[in-house]
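Residue numbers (our numbering): 139 to 454. We put the beta carbon where it would ideally sit given N, CA and C, even for glycine. Written out below as C-alpha cells is the structure these notes cover.
Set out below in C-alpha cells:
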C-alpha cells in the first residue's frame, strides 16, 4: 500500500468544450492530503465555487458525465478524472474557466501530459483502498456491469456494435499507471455520423470535430487519421469507466466486468457500491472508516488556496 499523491506544480490547458462548443480552460493544482479531486471556479479573491468529484454531486449522464453543486455545474468531467485516477493522483484542484472541460483530442492523453508536466508529489498519508469481498452487479436489458473480488484492480470490457470496423471487441486492462498511459489514455471519443445531427438538435456535440472525435460512417471511418488502436472503441469505454469510477472517491481493488455499458450504468454501479457496505472493506481507513469514501464531501471553500493563474489562462 502506498502513500497519497498530488502534483508538484500547476499545469494549464485551453480548448473548446465538446458539447457546448464554447471556449474552455482548466488548471490542475496541487491539493492537500485527503482532499480528493475538487472542481473549482474562482470569481475573485474572495469568491470560489467548488464541487467535489463525488457521486453525491452527479448530474446528467446523457452522452457525458456531469457534476452539479448548487448552481455550479461542470460538463464532460470523465476524461480528466480518468487521467488523474489512471495515474493514481489522489488529491487535486481542477480549476475551470467555463462550464466544461476542454475536449482536447478526445482522449485522456492531454491530461496525462499535464500531470507529467507538473510532476507527481508523494504525500505523507497512506492511500485508502476499497476492497470488494462480494460481487455487486447492475443490469439494464442486455447491458451490465459487475465488480468481483480480486487480488488486483482490473477491468474487462466488452462492446458489440453492428459496424464493420467495430463489431464485438473485448479488452482486459490491469490498472497500473504504466498500462493506463500506454494502452488506455490515447483512445478517443467515438460517434456515428448518423447520430451527429441528433446530438446537435439536443444542444450536444457542438464542439465536436474530426480533431477530437472518431466518426464512423455506415461502412467506414470519416476521419483522415486511422484508428490509434484496432480496438480503440472498447479502450475508450475503459477510459470513461475509470473516470466514472473515480466518483467513488477512493480506488477500488476488484475486477470490473462490463458488457455494452456506458456512463449511466457506470455511475449506477458506483451508487450500488455505496449502498452495499457489507460487500466491501476499507483498507488503510484509519479513523475515517467507511464514512471516508467521498473525500471532500464536507469540503469547505475557505480551505482552497489556489495559486495566481498565469496570464495565458485568461488569454481567450
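Check	Outcome
Span of the alpha helix (DSSP H) holding residue 255?	247-256
Can we say the stretch 262-278 touches the stretch 341-359, given the rule of at least three CB pairs closer than 8 Å?	no
By a C-beta neighbour count over all protein chains shown, 10 Å radius and 16 as the cutoff for buried, is residue 229 buried or exposed?	buried
If we require 4 or more residues per run, which alpha helix (DSSP H) segments fall completely within the stretch 143-210?	none
Quick check: what's the CA-CA separation for residue 353 versus residue 302?	13 Å
Going by beta carbon distance, what residues of the same chain come within less than 6 Å of residue 366, once the five residues before and after it are set aside?	324
Based on Cα-Cα distance, which residue from 414, 373 and 417 lies nearest to residue 220?	373
Measure how close the beta-carbons of residue 327 and residue 381 come, nearest whole angstrom, since I'm counting them as under 8 Å.	Incorrect: roughly 12 Å between the Cβ atoms, too far for contact.
Which residues does DSSP list as the beta-bridge partners of residue 386?	Bridge partners of residue 386: none, in fact.
Tell me the DSSP bridge mates of residue 318?	Answer by DSSP bridge pairing: none, since residue 318 is not bridged.
Tell me, which residues are paired with residue 240 by DSSP?	155
Can the beta-carbon of residue 163 be found closer than 9 Å to that of residue 240?	yes
Taking all protein chains shown into account, decide if residue 246 is buried (16 or more other Cβ within 10 angstroms of its Cβ) or exposed.	buried
In angstroms, rounded to a whole number, what distance separates the CA positions of residue 207 and residue 178?	11 Å
Just to confirm the assignment: which complete beta strand (DSSP E) runs, minimum length 3, are found wholly within the stretch 323-404?	328-330, 352-354 and 393-397
Could you compute how far the alpha carbon of residue 226 sits from the alpha carbon of residue 143?	7 Å
Could you check whether residue 171 and residue 268 sit closer than 9 Å to each other, using their CB atoms as the reference points?	no
What is the rounded straight-line gap between the Cα of residue 196 and the Cα of residue 212?	10 Å
Work out the CA separation of residue 223 and residue 386 for me, nearest whole Å.	11 Å
Under three-state DSSP, which class holds residue 228?	coil
Tell me, please, whether the stretch 293-313 touches the stretch 416-423 by the rule of three or more beta-carbon pairs shorter than 8 Å.	no
Output the distance between the C-alpha atoms of residue 147 and residue 250, rounded to the nearest integer angstrom.	14 Å
State yes or no: is the C-beta of residue 405 within less than 9 Å of the C-beta of residue 203?	yes
Just the Cα atoms here: how many angstroms apart are residue 340 and residue 414?	36 Å
Within the stretch 277-317, note down every full beta strand (DSSP E) run reaching 3 residues or more, in order along the chain.	281-286, 292-299 and 305-312
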